[in-house]
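Data first, discussion second: the structure below is written as structure tokens.
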Amino acid sequence: MIDPRILRERPGDVREMLSRRGVEHDLDALVAADAAWRRAASEADAARQRRNELGRAVAAAKKSGGDASGHIAEMRSAAGRLEALEAAQREAHGRYIGLAMSLPNMVHESVPTGPDSSANVVVREWGEARPAGGEHARIMEGMGLVDIERAAKVSGARFYYLVGDMVLLGRALVSHALDLADGRGYTAVQPPYMIRRDSMEGATVAEDLEEAIYSIEGEDLCMIGTSEHAMAAMHRDEILDGADLPIRYAGYSACFRKEAGAHGRDQKGIFRVHQFDKVEQFAFARPEESWAEHERMLGVAEEFYRGLGLPHRVVLLSSGDMGKVSAKTYDIEAWMAAQREYREAVSCSNCLDYQARRLRTRFRDKTSEATRHVHTLNSTLVATTRALVAIVEGCRTADGRIEVPRPLQRYVGKADIGAPRGRGPP
RNA sequence: GCGGAGAUCGCCUAGCCUGGUAGGGCGUGGGAUUGCUAAUCCCAUGCUUUCACGAGCACGGGGGUUCGAAUCCCCCUCUCCGCGCCA
Numbered sequence: 161m162i163d164p165r166i167l168r169e170r171p172g173d174v175r176e177m178l179s180r181r182g183v184e185h186d187l188d189a190l191v192a193a194d195a196a197w198r199r200a201a202s203e204a205d206a207a208r209q210r211r212n213e214l215g216r217a218v219a220a221a222k223k224s225g226g227d228a229s230g231h232i233a234e235m236r237s238a239a240g241r242l243e244a245l246e247a248a249q250r251e252a253h254g255r256y257i258g259l260a261m262s263l264p265n266m267v268h269e270s271v272p273t274g275p276d277s278s279a280n281v282v283v284r285e286w287g288e289a290r291p292a293g294g295e296h297a298r299i300m301e302g303m304g305l306v307d308i309e310r311a312a313k314v315s316g317a318r319f320y321y322l323v324g325d326m327v328l329l330g331r332a333l334v335s336h337a338l339d340l341a342d343g344r345g346y347t348a349v350q351p352p353y354m355i356r357r358d359s360m361e362g363a364t365v366a367e368d369l370e371e372a373i374y375s376i377e378g379e380d381l382c383m384i385g386t387s388e389h390a391m392a393a394m395h396r397d398e399i400l401d402g403a404d405l406p407i408r409y410a411g412y413s414a415c416f417r418k419e420a421g422a423h424g425r426d427q428k429g430i431f432r433v434h435q436f437d438k439v440e441q442f443a444f445a446r447p448e449e450s451w452a453e454h455e456r457m458l459g460v461a462e463e464f465y466r467g468l469g470l471p472h473r474v475v476l477l478s479s480g481d482m483g484k485v486s487a488k489t490y491d492i493e494a495w496m497a498a499q500r501e502y503r504e505a506v507s508c509s510n511c512l513d514y515q516a517r518r519l520r521t522r523f524r525d526k527t528s529e530a531t532r533h534v535h536t537l538n539s540t541l542v543a544t545t546r547a548l549v550a551i552v553e554g555c556r557t558a559d560g561r562i563e564v565p566r567p568l569q570r571y572v573g574k575a576d577i578g579a580p581r582g583r584g585p586p
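Using my numbering, you'd call the opening residue of the first sequence number 161 and step up by one each time.
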């Protein structure tokens, strides 16, 4: 949710945001609902004040043994009026919230304006992006490192069994990411993989909830699409101590995605799947420090890919390509050698106070001070499946083995991966 | 899953039976005094809104009864104890 003050004082800026994002939204209805709600609230407020005064008068009269019947009669008639005013207030507030919750976040001035990814801007490139022939699905299946067919039989499309050394390599990515995060001031957190619907609604927008998120039938629970969802909601309805900021978490979890809008895209292998493991950077920051935190966070993710020796580039997403909760997003796109393309491996966003407002996460330095909403930021450190694809396609030796990136070797226990020693599935 | 007990302003707690402005202690912040640390005293210390005075809201959440609910009734959530089941 954006600050209602922006809506009231600078509606032109909000309109500009909508046009830059290419999103339709009934702003007039939202502004009207805001005004109606505030009016209804102050009317109901006045009626409550009158009721409270009368209540005190009744109590005083009864205490002194006097006759309170006159006041009680007046309260009786005021009660019906108050009820009607409260109903009007509830209705107006519901209308306002409904419209405000679906309004996307403001867009930062440094974000390029454009309809889609074609307007994204490449910020920098790293490493030598060499094309290669071996497609990850074929390589991995050929070496018995993944079983897509049986996963399809058991679970359906976009699932996979990882097998043998590929499991160790995935685990190594997670271990290395957690160690790096620890060294950069992040506290590791393994969050709940299912969260209640109202928590999910605070962390994401309604349309993503429908398209991307799995719900548990018969329960008020959703599967997280990323640990970001669980981390963002972690301090909901809290007032944090400003001295504790920034709070940096490295969320480690499985991620679940419906991929409902992706029919036909990236069908092969483990590139686009319903489930993967991810280590995610998440930060709660002071508003005046959040842009520096954003760059810092991107830097940690870049450090991870540089350390693995994986060629990649940093891209600043355009206004039309960004998520609705983000004010500015960088992607790190890793080189996928067989696709001969850079593809998204990391997404690093500053959400300003948009999530914090929805989740009521605030802070202050002294109890005498007014509360302010924190800023929330999130960035992938590593999504295992995407990184595995980049490694399998990009790190092949002349004799067809997969070279384990140096920082991962201590976790995998070997320098390269060949065919399994007769233990893989036939 | 069954039985029992609970949830009050950062922490502890009173109030609930018997409905009528949510009180106290600790901690924290500010001030006074005392040649220091300490002790003592005063003020402030849930949230929202207001330039301010003030007003409203708040006793886990939501309904209901009532002129009026922390208090009575119903539903839900969570915590603790015992039993059952279980990695």
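Where a beta carbon is used, it is the ideal one built from N, C-alpha and C, also for glycine.
Keep in mind the model is a prediction, meaning the values are calculated, not measured.
DSSP-derived helix/strand/coil call for residue i
i       : result
Gln-441 : strand
Glu-184 : coil
Ala-410 : strand
Ile-308 : helix
Tyr-353 : coil
Tyr-571 : helix
Ala-348 : strand
Glu-301 : helix
Glu-213 : helix
Pro-264 : coil
Ala-228 : coil
Gly-469 : coil
Gln-427 : coil
Ala-289 : coil
Gly-316 : coil
Glu-361 : helix
Ala-233 : helix
Ala-201 : helix
Ser-278 : helix
Glu-269 : coil
Leu-167 : helix
Val-485 : coil
CA nearest to the CA of residue i, picked from the options
i       : options                               : result
Asp-513 : Trp-451, Arg-556, Glu-379 and Tyr-321 : Trp-451
Lys-418 : Asp-368, Arg-456 and Tyr-409          : Asp-368
Ser-375 : Ile-562, Asp-358 and Glu-388          : Asp-358
Val-283 : Glu-203, Pro-272 and Val-267          : Pro-272
Gly-215 : Ala-200, Gly-226 and Glu-234          : Glu-234
Ala-192 : Asp-404, Ala-260, Cys-511 and Gly-459 : Ala-260
Asp-491 : His-472, Ala-206 and Asp-380          : His-472
Pro-171 : Ala-217, Met-266, Arg-210 and Phe-416 : Met-266
Val-549 : Thr-540, Ser-478, Phe-523 and Gln-499 : Gln-499
Glu-377 : Lys-428, His-434, Arg-356 and Glu-285 : Arg-356
Cys-511 : Leu-537, Arg-250 and Gly-573          : Leu-537
Gly-254 : Ala-363, Glu-169, Ser-229 and Trp-197 : Trp-197
Glu-379 : His-389, Met-354 and Ala-392          : Met-354
Tyr-158 : Leu-476, Arg-396 and Ile-551          : Not covered by the structure: residue 158. The range shown for the chain is 161 to 586.
Val-365 : Ile-257, Arg-456 and Glu-295          : Ile-257
Arg-168 : Asp-194, Ala-530, Glu-176 and Ala-420 : Asp-194
Ala-248 : Ala-239, Gly-287, Asp-227 and Ala-204 : Ala-204
Ile-399 : Phe-444, Glu-371 and Asp-426          : Phe-444
Counterpart residues of residue i in DSSP-defined beta bridges
i       : result
Ile-492 : Val-474 and Val-506
Arg-284 : Val-474
Val-542 : Val-439
His-535 : Ala-445
Ile-551 : Answer by DSSP bridge pairing: none, since Ile-551 is not bridged.
Ile-562 : Arg-556 and Ile-577
Thr-142 : As shown, the chain starts at 161 and ends at 586. That puts residue 142 outside it, with no answer to give.
Glu-463 : Its beta-bridge partners do not exist; DSSP assigns none.
Tyr-321 : Asp-307
Glu-529 : Answer is none; Glu-529 lacks a bridge partner.
Glu-107 : Since the first residue shown for the chain is 161 and the last is 586, residue 107 is missing from the structure and cannot be characterised.
Same chain, Cβ closer than 6 Å to residue i, neighbours up to 5 away in sequence not counted
i       : result
Asp-325 : Ile-577
Arg-546 : Ala-505
Thr-557 : Glu-563
Asp-525 : Gly-402
Leu-588 : Nothing can be reported for residue 588: it is not among the residues displayed for the chain, which extend from 161 to 586.
Val-460 : Arg-344
Ala-332 : Leu-568, Tyr-571 and Val-572
Same chain, Cβ closer than 7 Å to residue i, neighbours up to 5 away in sequence not counted
i       : result
Leu-263 : Ile-162, His-185 and Leu-190
Contact test: residue i Cβ vs the ligand ADP heavy atom, cutoff 7 Å
i       : result
Gly-554 : Questions concerning the ligand ADP fall outside what the structure shown contains, since it holds no ligand whatsoever.
Own chain residues within Cβ distance below 8 Å of residue i, not counting five before or after
i       : result
Val-334 : Tyr-412, Asp-437, Val-439, Val-542 and Thr-544
Val-306 : Ala-297, Met-300, Tyr-320, Tyr-321, Leu-322, Val-323, Met-326, Gly-429 and Ile-430
Arg-432 : Arg-318, Glu-419, Ala-422, Arg-425 and Asp-426
Complete runs of the alpha helix (DSSP H) confined to the segment 373 to 424 [at least 4 residues]: Whole alpha helix (DSSP H) segments, 4+ residues: 387 to 392.
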